[in-house]
Amino acid sequence: MEGQEDGRLDPIRSFSLSSFRLGPEVWTEFTSDEDNVVTLNNFCSSQDFSHLFLYWDRDQDQDPGQNSRICVTLDFPPGVASKVLSVSKRSREAVTKENARNILSIQEVDGGDALSCSIALSEVTCALLSDPETSSRWAPGVAEEAVRFMKRQRNEAQVMKAQVDGLTFLPQPDSVSPEGLNDDGGQHLVHTCDGVIVEWAELVSEFLQQDWSRPVLEGLKPTPSEEFNFWWIRLRNLDFIQQQLMSPSAQLVASIVQTGDSVYWSTLRDIYRDVQEALQEAEDVTRNLRPVQDKLKDIQHMEFHQLRDNMAAVMEEVRLLWVRSQFYCSPCRMVVLLQEICNLFIQMSRGFLRGQEVMRGLVSEPRLVLDQIRLVIRTLQTLKEVYAQNQTLLDQSVKQQDSGSPGWDFPSHLVFLHLDHFLRRLHTIQEVFRITLQLEQLDQAVLSGVGGGMWTDLVQEVYQDFLVHVRLLSECSSDPTDPEDQSFQLHLDQFQSQVSHMETQLVSVLSRALEDCSRPWSGAKLVKMFRFVLDRARVRDQLRPQLSRLVTLVLKDLDQAEQVFHHHRDRSRTFGRFCPMAAARLIWTQQVQRRTEEALESYRTIQDLCLDSPEAQLVQQRVQQVEDVLQDFRDSVRSNWSSQLDSDSGFILKHPLVQIRESDLLEVSCSLKVEAVLRGLRYASRDQNMDLQPHTAGLFRTREDVRKIHLHLGHMVSCYNQVVSDVLPVELPLIQDQLQHLNQTMSQLQRRTWGCEGLQLLVQQTQKVLDVHAMVREARANMAAMTQLIQGWAELQLLQLSADWLLEGTSEETCSRIRADGQELLRLTQVNRSLYRADVSSEMWTSYVDYMDAEVQDGLHQLIFRELHFLSDHMNPQTSSSALLTISLQLKETGSVFEPSVGVGLSDFLKTIISDVYAAANQLPRISTSHHGNYQVSLQLDPELSALEHEVMHHLQKVEEEAEHLRAGLDRYSHLWQSDRTTAFQEFLSYSRQLGPEEVEPEQAPPTLKDFQREIESLHRLSAEVTHLDDVIVLHGWLQVDLRPFRDALLSVIDGWKHMYTDHLLSSVSHSLQQVTQRDADDDEAASSSRFPLTQTILLLEAAAVELPEHLAAQLQVVTSL
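Numbering follows numbering that gives the first Met the number 0, in which position 582 of the sequence shown is assigned residue number 581; successive positions increment by one, without gaps.
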């Protein structure tokens, strides 16, 4: 609030600027201070403050003009030497712009220091002027006049000081003494005292006529604190008046008027009486108001949510005030106090709701604000309730005591006039928040169906438009908690108009959405979703045709449920296949019943919305009709089912527990029927309306025992059949004694029926069957484990193919596994001996062990047979798909040889492989002690394995023959490594060819270049022929021969022959170039010194792919350049 903008402060502003001689900027600075604004606002707005004081404050330690400012306070400022502006209200009401000039009274008064100084100065001056010695020096009459003036000044100062303190000062007469009555001026003295008494009477009368109820009667809303202050100030002022009336000067006045027989003596007595009565009243009221004041002070320091629980205590104190106080038990005073208490709670409620901030909660926190509003309403309603309770207590107390003390018989609407007005405003605000929160659900509304998306979009558009108006209402500047603020009502009317418009739009959307509903449950779902809208009478009335249509859909659904029932009631495939037929029928009727209930539930959703619809009255009738039909059908099914269960139960009770099947095995008698009856009883137990007949009832009582016996018998018979049916010939002698005992036990069960007593004990005695079965099952499991170990050898590979030597022998890993399996076989055999409790030396156990020994030997036989067969197949050219072994052909000094040798070496290797295969059988100990030797010895004597071994050696013999044939074919090149190259070349240089053995002394014929060319080309052809030899040759389909070492060595030999010829030609070229380059030799000598032409020799070397060395090439370039 700024002073220049607040019209309420205009009189104060203009008087202050004029009195203190200030400029407008000082007032602007003054009203800019927040503390000053709060003080001014409290004075103008609150009825608790009736005085305001402004003064000019200047810091004495500063230069003039520095730090000087206007100060304002609600109490008279002490210690102020300068003048003070006193602003007073002529009545206890709030200051507005309109009444500011009429209600405010402004005057200049001296500061507190000035008043004290003026009073003290007057007293001193009067005493000095009254002294004859002092006054003798003054002119006649001047001293007396000065004394009278100073006394008047002192009285005025005392009056002003009393007014500042809120007290009533009774001015005293000047120069009054009893001796004055005997003088001529006695009448004048009486007249003076009469004037004083008249002035006293006016002051006292004006004070005593002050009534705290005046603000209430003027329509203001004071709080109890104002009344408490009023009575406290009144009591203090009355004490002050009484003290003045009892002062010597006042008693002197009373004596003068009494002695002078003044007519105002009675007036003075009335003043004394009125003051005394008022003082008694003030003391009584102040004393009895104190508990109410303390309780209200505690209330004001509480959290708002605690007020409701303390309302009774406040009203209790008010009731006690009525009872205890002599002067306060009047309806007028009590109505005013109760109104003030209501005003206090209204003020606290408005503070709790934060005034203008309430409507902003529509957007930010509507639920929280709504809860706060509801809390305020409940709290204020509690105030009215506790008032009524205390009013009743007073009435009861009056009747019981039969006293003249009245009760609270004044109308309650006088007490709660403002409170009811405030509650109506709160209910209006509450309705706004309630509507906002209800319609907030539109944001989450999603309509289904064909046109659901379109309807949802329309609802969202309506809701978004509504949110705009909610936001406008939340931004209004009015105070909604002030019932007197009519501008807020205009905003409310606009909001209600928008709500009505929105209802019209929602009716349009919902009517079309309801018309799209083809099933009642979909319509009911829509009604539930928009129930908060349909609860509004205007919307409900406009949607009545659509709601009636939903009732019609409910009736249609009930008709369809009845039609489905009549159509499928006699069709067995309608019912479930996993439970008894009767139970399935009952379950099916429950489903039909559930469909009926769903239709009824849909109807109940809309029932209260269309009570006057003619179709609505038919729904209950149709539901009852369908339920009656279903109930008749259920009764019939239960009756037939009960009879069938009783017949089956009687049949079961007559049959034995166990019987023999056609395969000489046992079975539980009537097993399927027992299961069916037990299953039927389980379903029947769930139906409380099922009546059981005698046989069924007896079986039902023992159904748990029968179920356990049936399960136990089934398990026991199954175990017995497994022991008997799967027994091995070698195993039968070992369990013969146990089988005899089992047969005796099962014979007892064949003689007992399901209806016999003590079946549970009999079944418990058959535990031996289960023990024997467990023993036999474990032994057979061990035997199966041994068989699995033996069969697992089929996965082992004793012989493997590798990349290098192709065939590899038995690995250590395979041998380790066979040894481990052998130890496991021995362990399992010993376990079975313990299970059978067999004697090691008994014939039965020997037969059993021999059987297992034969199984082991057969497994080893299969393993070795597979490996030998593998070896034979890979050595058979007709079945072999890849090489089994590999060797190489080497060229040694002695000729071509195989490594390893095809004869002894290969034979020894295969024999080692075969020996390793047989050695696998020696990795495990023999199980049977009746057989001598290990498994290897027995298997080596097996004819089938021996035949395979002979086949392997036969294939070895065949491959030896083919290898020798291969080596013989390659001996056609033997002359290359067997001939002496030096001797052969010397023969060539002498005879231009190699001599035969029959030539003894041939004729010498040195070779020509053609002879050299012939020999070199011959060697080239041999080199090409050798190069095209195969890298690898497979003999007999399984022996791979690597020819590359032989070929490489032979090519090296051929290259040696070629180098011998080309080196000779190079020497010839070198010699020729040396002769050509000699300086002194002539051409003829040079030509005759070379055997071969230089040019042809070089061309021959180039044809033989021989390059000239660098030094010869350099010499050739020199010769060419000559």
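All residues carry an ideal CB built from backbone N, CA and C; glycine is no exception.
Just mark Pro221 as buried or exposed, buried being the case when its beta carbon has 16 or more other beta carbons within 10 Å. The Cβ neighbour count for Pro221, taken over all protein chains shown within 10 Å, is at least 16; the residue is labelled buried.
Provide the residue span of the alpha helix (DSSP H) that contains Arg318, from first to last. Boundaries of the alpha helix (DSSP H) harbouring Arg318: Leu306 to Arg323, taken from the DSSP string.
Cut-off 8 Å between Cβ atoms - residues of its own chain near Val839, not counting five sequence neighbours on either side: Only Arg832 meet the Cβ criterion.
Quick one: using the 10 Å Cβ neighbour count with 16 as the cut-off for buried, is Gln630 buried or exposed? Exposed.
For Leu733, report the span of its alpha helix (DSSP H) as first-last. According to the DSSP assignment, Leu733 belongs to no alpha helix (DSSP H), since it is labelled neither H nor E.
Residue range of the alpha helix (DSSP H) that Glu97 falls in? Premise fails: Glu97 is in no alpha helix (DSSP H) and is neither H nor E.
Kindly indicate which residue of Lys82, His50 and Gln590 has the alpha-carbon position closest to the one of Leu103. If you compare the alpha carbons of Lys82, His50 and Gln590 with that of Leu103, the shortest gap goes to His50.
According to DSSP, is Glu959 part of a helix, a strand, or is it coil? Three-state result, Glu959: helix.
Leu1156 and Leu1042 look like a contact to me (Cβ under 8 Å); what is the Cβ gap, rounded to whole Å? Summary: the structure shown does not reach residue 1156, with the chain confined to residues 0 through 1121, and so no result is reported for it.
Quick one: using the 10 Å Cβ neighbour count with 16 as the cut-off for buried, is Gln208 buried or exposed? When all chains shown are included, Gln208 counts as exposed.
For Trp55, does the three-state DSSP call read helix, strand or coil? Residue state, collapsed to three classes: strand.
Within 10 angstroms of the Cβ of Gln186, are there 16 or more other Cβ atoms? Answer buried if so, exposed if not. Answer is exposed; the Cβ neighbour count stays below 16.
Keeping to the same chain, check which residues put their C-beta closer than 7 Å to that of Ala1004; ignore five residues upstream and five downstream. The residues are Tyr990 and Ser991.
Assess contact between the stretch 313–329 and the stretch 187–199, defined as three or more Cβ pairs (one per stretch) separated by less than 8 Å. Is contact present? In this structure the stretch 313–329 does not touch the stretch 187–199; the number of beta carbon pairs closer than 8 Å is below three.
Ends of the alpha helix (DSSP H) at Cys341? Here the alpha helix (DSSP H) through Cys341 covers Pro330 to Leu352.
Count the other CB atoms within 10 Å of the CB of Cys331; is the residue buried (16 or more) or exposed (fewer)? A residue is called buried when at least 16 other Cβ atoms come within 10 angstroms of its Cβ; Cys331 does not meet this threshold and is exposed.
Specify, as a first and last residue, the run of the beta strand (DSSP E) that Gln766 falls within. First-last for Gln766: Gln766 to Gly791, but that is the alpha helix (DSSP H), not the beta strand (DSSP E).
Let me make sure I understand the geometry here. Which of Leu859, Leu883 and Glu898 has the alpha-carbon closest to that of Gln939? Selected option, being the one with the closest Cα: Leu859.
Please report the straight-line C-alpha distance between Leu425 and Ile586, rounded to a whole angstrom. So the two alpha carbons sit approximately 56 Å from each other.
Between Phe1011, Ser1120 and Phe29, which lies nearest to Leu1098 when the distance is taken from Cα to Cα? The shortest Cα separation from Leu1098 among Phe1011, Ser1120 and Phe29 belongs to Phe1011.
Just how far apart, CA to CA, sit Val622 and Val591? Inter-residue distance for Val622 and Val591 is about 12 Å (C-alpha atoms, whole angstroms).
7 Å Cβ shell around Leu557 - same chain, five flanking residues per side excluded: For Leu557, where only same-chain residues beyond five positions count, the Cβ hits under 7 Å are Thr595, Ala598, Arg621, Val622 and Val625.
Which full runs of the alpha helix (DSSP H) of 4+ residues lie inside the stretch 412–484, going along the chain? Those alpha helix (DSSP H) runs which fall completely within the stretch 412–484 and span 4+ residues are 416–439 and 451–473.
Beta bridge counterpart(s) of Cys516 as assigned by DSSP: In the DSSP assignment, Cys516 is bridged to no other residue.
Beta carbon of Val252, beta carbon of Pro172: below 8 Å? When the beta-carbon positions are compared, Val252 and Pro172 come within less than 8 Å of each other.
Between the stretch 1056–1067 and the stretch 902–909, do three or more beta carbon pairs fall short of 8 Å? No: fewer than three Cβ pairs fall under 8 Å.
From Asp907, Gly821, Asp210 and Trp976, residue whose alpha carbon lies closest to that of Leu890: Of Asp907, Gly821, Asp210 and Trp976, the residue nearest in Cα terms is Trp976.
Looking at the strands, I want to know which residues DSSP matches up with Val86. Its beta-bridge partners are Leu51 and Ile105.
What distance in whole Å lies between the Cβ atoms of Leu169 and Gln243, which are believed to be in contact at a cut-off of 8 Å? Gln243 to Leu169, Cβ: 5 Å. Contact.
Within the continuous beta strand (DSSP E) that includes Thr222, where are the two ends? Thr222 -> no beta strand (DSSP E), and no H or E assigned at all.
Between the Cα of Ile345 and the Cα atoms of Thr480, Val951, Leu1111 and Gln371, which residue gives the shortest distance? Nearest of Thr480, Val951, Leu1111 and Gln371 to Ile345, Cα basis: Thr480.
Thr1124, enclosing beta strand (DSSP E) - first and last residue: In the structure displayed, the chain extends from 0 to 1121; residue 1124 sits before or after that span and is not available.
Are Leu795 and Ile912 close, meaning C-beta to C-beta below 8 Å? By the CB criterion at 8 Å, Leu795 and Ile912 fall outside the cutoff.
Quick one: residues in its chain with C-beta nearer than 7 Å to the C-beta of Ala311, no 5 flanking neighbours on either side, listed in chain order? Only residues of its own chain outside the window of five on either side were considered, and among them Val385 have a CB closer than 7 Å to the CB of Ala311, listed in chain order.
Kindly provide the ranges of any beta strand (DSSP E) runs that are 3 or more residues long and lie completely inside the stretch 1029–1065, ordered along the chain. Every beta strand (DSSP E) of 3 residues or more that sits fully in the stretch 1029–1065 is shown, in chain order, as 1031–1034 and 1038–1041.
Which whole-angstrom value is the C-beta distance of Val334 and Phe409, which I expect to be below 8 Å? Going by Cβ atoms, the distance from Val334 to Phe409 rounds to 6 Å, so yes, they are a contact pair.
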